[in-house]
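Chemist:
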Amino acid sequence: MTKILIVDDDGEAISGFDKYVSLTVFTAGNEKAAIKITEEEKPAIIIINAGLNEKSGFDTLRKIKRIDGTALVIMMTDRINRDFAMRSFKSGAYDYISTPLDFEYIERIIKTVRCSKSNE
Numbered sequence: 101m102t103k104i105l106i107v108d109d110d111g112e113a114i115s116g117f118d119k120y121v122s123l124t125v126f127t128a129g130n131e132k133a134a135i136k137i138t139e140e141e142k143p144a145i146i147i148i149n150a151g152l153n154e155k156s157g158f159d160t161l162r163k164i165k166r167i168d169g170t171a172l173v174i175m176m177t178d179r180i181n182r183d184f185a186m187r188s189f190k191s192g193a194y195d196y197i198s199t200p201l202d203f204e205y206i207e208r209i210i211k212t213v214r215c216s217k218s219n220e
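Note that this note's numbering has the sequence shown beginning at 101, numbered continuously upward.
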């Protein structure tokens, strides 16, 4: 089963994930919890809110990539622009997405992860 971690301090991003029964969804409201879940559960996909209150989502992204370089990390924001996109990729993100979340896009990412895992 594909594991996903949502790192968001306001919880809005996770509404709607309950309809994806084939997923194990973990949530973290801060960087410390995100790192702990990453170390213990090894989620394949991690979605991080770039505007975490206590820390920058980009700092969290870099720390998570040091822990698990294979996780696909997607940065989430409500204000996508070219600078945000470039910063996301330079920090190690697989992609970026705007809020509200596009669940069809996330489904495609999950299929990509499952295909790559079955080819290993």
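All C-beta atoms, glycine included, are put in the ideal place defined by N, C-alpha and C.
Counting only runs of 4+ residues fully inside the region 151-189, write out the alpha helix (DSSP H) ranges in chain order.
Modeler: Qualifying alpha helix (DSSP H) stretches, in chain order: 157-167.
Chemist: Within a Cβ cutoff of 6 Å, which residues of the same chain sit near G129, ignoring the five residues on either side of it in sequence?
Modeler: Excluding sequence neighbours, G129 sits near D109.
Chemist: List the DSSP bridge partners of V213.
Modeler: V213 is not bridged to any residue.
Chemist: Assign Y194 to one of three DSSP states: helix, strand, or coil.
Modeler: Here Y194 sits in coil by DSSP.
Chemist: Just to confirm the assignment, what range does the beta strand (DSSP E) spanning T127 have?
Modeler: Residues 123-128.
Chemist: Check the C-beta distance from A193 over to I167 and give it rounded, since I have them as a contact under 8 Å.
Modeler: At roughly 15 Å, the Cβ-Cβ gap does not stay under 8 Å, so A193 and I167 are not in contact.
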